[in-house]
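Numbering-wise (this note's numbering), the sequence shown opens with residue 44 and increments by one.
For every residue, glycine included, the Cβ atom is placed at its ideal position computed from N, Cα and C.
Note that this is a predicted model, so its numbers are computed, not measured.
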Amino acid sequence: MTPHADPRLILREEELDGGLELILLAEAALWAAVDGVLETEGPGLGRSHWRAAFLLRRRPGIGVQDLSKLTSLSKQAASKTLSDLQRLGLAEKASGDLDARRRPAVLTEAGKAFEARVSERLRALLGRAYRTGGLDGVPGARRILAALAGPRQGVGVNRREAL
Numbered sequence: 044m045t046p047h048a049d050p051r052l053i054l055r056e057e058e059l060d061g062g063l064e065l066i067l068l069a070e071a072a073l074w075a076a077v078d079g080v081l082e083t084e085g086p087g088l089g090r091s092h093w094r095a096a097f098l099l100r101r102r103p104g105i106g107v108q109d110l111s112k113l114t115s116l117s118k119q120a121a122s123k124t125l126s127d128l129q130r131l132g133l134a135e136k137a138s139g140d141l142d143a144r145r146r147p148a149v150l151t152e153a154g155k156a157f158e159a160r161v162s163e164r165l166r167a168l169l170g171r172a173y174r175t176g177g178l179d180g181v182p183g184a185r186r187i188l189a190a191l192a193g194p195r196q197g198v199g200v201n202r203r204e205a206l
């Protein structure tokens with residue numbers, strides 16, 4: 044600690060670091076739950092595939108560019124992920140647009156079932172966490188997460204009003 048350091052700043056830094064640590068640990072718990080379900084889905088499906096399927100359910104019609112913006116995947120990785128989902132019969136891309144990067148994608152019935160199997164476990168995990176933390180804290184937690192998500196919330200067509 045420097046001689047002129049403000050003790051409130053040190054406390055705030057520690058509080059923020061504690062929050063960051065909890066975010067990292069929560070992320071690890073969420074991905075462990077996703078990985079547990081993906082292991083039963085067979086080869087070829089990973090975290091990026093579930094994330095894309097989830098976002099396609101929540102924001103039908105997103106394409107490669109929107110998926111890239113939402114997930115921070117490169118455009119190449121987002122394109123491969125959507126192509127994998129299409130190849131596996133889990134998503135379909137609209138035809139007729141000359142620019143393949145702008146072709147909207149939607150989940151097939153099989154894609155909706157895949158997404159639901161993974162998301163069901165995560166909803167249960169999140170529900171337990173909300174109940175443990177106190178349901179009165181849910182709106183505050185959602186506001187904090189929304190602030191962290193920032194402008195990504197507005198990306199994509201047909202966005203559902205989830206917040």
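* Asked: Should A95 and S111 be called a contact, given that it needs their Cβ atoms to be closer than 8 angstroms?
  -> No.
* Spatial distance of K136 from V149 (CA atoms) -> Cα to Cα, the separation comes out at about 6 angstroms.
* Asked: What separation, rounded to the nearest whole angstrom, lies between the Cα atoms of T83 and Q196?
  -> Using only the alpha carbons, I get a separation of about 31 angstroms.
* Asked: Do L113 and L128 have their CB atoms nearer than 8 angstroms?
  -> Their beta carbons are not under 8 angstroms apart, which means L113 does not touch L128 by this criterion.
* Please report the residue range of the alpha helix (DSSP H) in which L150 lies. => No alpha helix (DSSP H) contains L150, which is instead part of the beta strand (DSSP E) from 148–150.
* Asked: What does a CB cutoff of less than 6 angstroms around E158 pick up in its chain, not counting 5 residues either side in sequence?
  -> The residues are A96, F97, R100.
* V77 versus V181 - alpha carbon distance -> Between the alpha carbons of V77 and V181 lies a gap of roughly 22 angstroms.
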